[in-house]
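What follows is one structure encoded as structure tokens, with my remarks underneath.
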Amino acid sequence: MISYHASPVAVPGSGVNGGMNVYVRALTTHLARAGVECDIFSASLNTTRVESTRLESGLWLHSLPVQKHTGVETTPDYTGIPEFADRVVEHMLRSPIRYDAVHANYWLSGVAAHRVKHDLDIPMITTFHTLEKAKHSLGALIDNRSSLRIHQEARILGCSDAVLASGDDEAKWLLDLYQAPEEKVVQLPLGIDRAFFSPGPPGPAREAIGFDDGIPIVLYVGRIQSLKGTALAVETLAHLLARRSARLIIVGGPSGLDGEREFKRVSELVSSHGLDELVTVVDPMSHELLSTYYRAADVVIVPSVSESFGLVALEAMGCGTPVVATDAGGLRTVVDAGRSGILVKDRQASAFAQAIDSLLANPVQYRAMSQRAASRAESFTWAASAQRLISVVDRIVAQDVLVNCMSCA
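According to full-length UniProt numbering, the residues represented by the sequence shown are 1 to 409, in order.
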């Protein structure tokens, strides 16, 4: 498993750390528990030697040193991939383990895995997590690396033996925007860890986080960036306050090209609406602590432009907290509209506020939705995701023929 730029043991919610970290750690954990030996390879700018850590039986994390090329990188970037790929291949060749496949996560990891596939003659499986063309279609900023990324995504897709999509929308993006062969695309929904994300009484949770004053809590969890809709969450609170008392808790930090700009916008909106006492920004945190916030919340808002899956929504539902989310992308797969949460078609603050108010105004509906949310979340497990991946690898290995592409010729 390759997770080049983001360590699976980092706390998600800011910088480059997000749902992919959770995905890699949880999926490999359950692969190992199913009897599959897994090695995770991640790059590090903060070490000069290979650091190998046993995460649990059958699962190791190898942090491989990569030099800074500009001197200012805070996370490994594209320039470090050749060095990283060399180290991965060297480690795999020396290992007593016989590797059956390499699984890349994100396009940067895919560039490295492409090399590993051909040096070791093993199948490559790719999970992109986000796709550059899809981001552009949703209004994301285009940077000077976009053309490089699109080129590499096409090469990686062309040489992958299987490409994993978390839901219908991501599969459609792969097919329509990248012309992926239909037989390559395999849907593999994400899961949650029930040890953390399960229902519990809200009272003790609110007391634990210091908000037990009876004011309804709207919770936003995730990186602070425009595509995630952090500022929209603040505007929603301003509209909601015209209907009822409420507070907003934001758990996350700035991320991406416009992260700092979005954070500044959030701060300005809080000040202009006079919400200083009702909006709290909390640093990203571990799952053990995050689940307490989910249980403390009355509603979790997910106002993203789109999500390939919607892990935050699923985690909230696992804790029995109804979700109000954008009617887009993988959120349609996760949230059973009108039963486990509300999907908002009109992505405006007034529409989100109305949806939240309607939910809080009807205690009977709220309790029923809370119960259905927890019940629905039970069908999404990492153990099932791991078994699905095992079947994909078994099928590819049994074929004994690796996919090749023109760019590899």
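For glycine and all other residues, C-beta sits at the position ideal for the given N, C-alpha and C.
Residue 162 is bridged by DSSP to 125. Between residue 239 and residue 349 a beta carbon distance of about 5 Å is seen, short of the 8 Å cut, so the two are scored as contacting. The distance from the Cβ of residue 174 to that of residue 186 is about 10 Å, inconsistent with a contact at the 8 Å cut-off. Taking a cut-off of 8 Å on C-beta distances, the stretch 383-396 does not touch the stretch 324-335, as fewer than three cross pairs fall below it. Setting aside the 5 residues that flank it on each side, residue 154 is surrounded in the same chain by 178, each with a C-beta closer than 7 Å to its C-beta; the list follows chain order. DSSP links residue 217 through a beta bridge to 247. Non-local C-beta neighbours of residue 198 in its own chain, meaning closer than 7 Å and more than five positions away in sequence, comprise 318, 319, ordered along the chain.
The residues 333, in chain order, have a CB closer than 7 Å to that of residue 168 in the same chain once the five nearest residues on each side in sequence are set aside. Straight-line spacing of the CA atoms in residue 116 and residue 157 works out to 15 Å. Membership of residue 44 in the beta strand (DSSP E) is indicated by the continuous run 38-44.
Residue 156 has no beta-bridge partner at all, per DSSP.
If you compare the alpha carbons of 321, 162, 48 with that of residue 101, the shortest gap goes to 162. In this structure, residue 139 sits away from residue 126, with a CB-CB distance that is not shorter than 8 Å. When the beta-carbon positions are compared, residue 2 and residue 89 stay at least 8 Å from each other.
In the three-state scheme derived from DSSP, where H, G and I count as helix and E and B as strand, residue 341 is classed as strand. In the pairwise beta carbon analysis, the stretch 266-280 is classified as not touching the stretch 306-314: fewer than three pairs are separated by under 8 Å. Using a Cβ-Cβ distance cut-off of 8 Å, the stretch 252-260 and the stretch 354-372 are not in contact, since fewer than three pairs of beta carbons, one from each stretch, lie closer than that value. A distance of 8 Å or more separates the beta carbons of residue 377 and residue 290. In the three-state reduction of the DSSP assignment, residue 105 falls in the strand class, which pools E and B.
Exposure of residue 245 is indicated by the presence of fewer than 16 other C-beta atoms within 10 angstroms of its C-beta. Using a 10 angstroms sphere on the CB of residue 151, the tally of other CB atoms stays under 16, which defines it as exposed. Every unbroken stretch of the alpha helix (DSSP H) spanning 4 or more residues and falling wholly within the stretch 315-397 is given here in chain order: 331-334, 349-360, 363-377. With respect to residue 216, residue 396 sits apart: the two C-beta atoms are not nearer than 8 Å. Three or more Cβ pairs closer than 8 Å define a contact, and the stretch 341-348 falls short of that threshold against the stretch 54-64. Residue environment analysis places residue 342 among the buried positions, since at least 16 neighbouring C-beta atoms fall within 10 angstroms of its C-beta. Excluding the 5 residues flanking it on each side, residue 206 has same chain C-beta neighbours closer than 6 Å at 212, 296, in chain order. For residue 97, there is no enclosing alpha helix (DSSP H), as DSSP gives it neither H nor E. In the structure shown, residue 29 falls within a helical segment according to DSSP collapsed to helix, strand and coil.
Fully enclosed alpha helix (DSSP H) runs of no fewer than 4 residues occupy 259-272 of the stretch 258-286, in order along the chain. 8 Å or more divides the Cβ of residue 129 from the Cβ of residue 159.
Taking the Cα positions, residue 393 is about 11 Å away from residue 99. When the Cα atoms are used, residue 284 and residue 263 turn out to be separated by approximately 14 Å.
About 7 Å separates the beta carbons of residue 248 and residue 220, which is inside the 8 Å limit, making them a contact pair. The beta carbon of residue 121 sits closer than 8 Å to the beta carbons of 402 from its chain, once the five residues preceding and following it are set aside; these are given in chain order. The alpha-carbon separation between residue 339 and residue 135 amounts to approximately 29 Å. The three-state secondary structure of residue 299, taken from DSSP, is strand.
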